[in-house]
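Residue numbering for the sequence shown follows the numbering used here, starting at 462 and increasing by one per position.
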Amino acid sequence: MNGDLYPTGRSHQLDHRQESTNLADILERVLDKGIVIAGDIRINLLDIELLTIKIRLLVASVDKAREIGIDWWEHDPSLSSGRGDLALENRQLRERISELEASNGHREEAPRDE
């Protein structure tokens, strides 16, 4: 009885490995090709549309997303630290201040906070 409903021992290990392999294959294919899930949610009251929410979900690997022109996460400050951009901007501003001071005859250097 136990053999059919609850696999034990070696057969259970093989089944588990096969399921893991199949899941990994499916995930690899989805990330490689990409998948789009789309749907709309509409809330009506007495045949009057109160709210419409359009949901679009793209599941793909980062490489596939870049290939199709999607890279918003690289420029979104809430998703990336942006520290490199701030350091570059800070350096450029310091250089510009030095140029402006030099053109006005001031030789004082701005304090450096690096």
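The beta carbon of each residue, even a glycine, is placed where N, CA and C say it ideally should be.
The criterion of a C-beta distance shorter than 9 Å is satisfied by residue 495 and residue 525. Residue state for residue 519 is assigned as strand, using DSSP reduced to three classes. Judged by DSSP in its simplified three-state form, residue 507 adopts coil rather than helix or strand. Secondary structure at residue 531: coil, using DSSP grouped into helix, strand and coil. According to DSSP, residue 498 shares a beta bridge with 518. A straight-line Cα-Cα distance of about 35 Å links residue 547 and residue 497.
Non-local C-beta neighbours of residue 502 in its own chain, meaning closer than 6 Å and more than five positions away in sequence, comprise 514, ordered along the chain.
Going by C-alpha positions, residue 536 is about 13 Å away from residue 527. Close CB contacts of residue 521 within its chain, under the 7 Å cut and outside five residues either way in sequence, are with 492, 495 (chain order).
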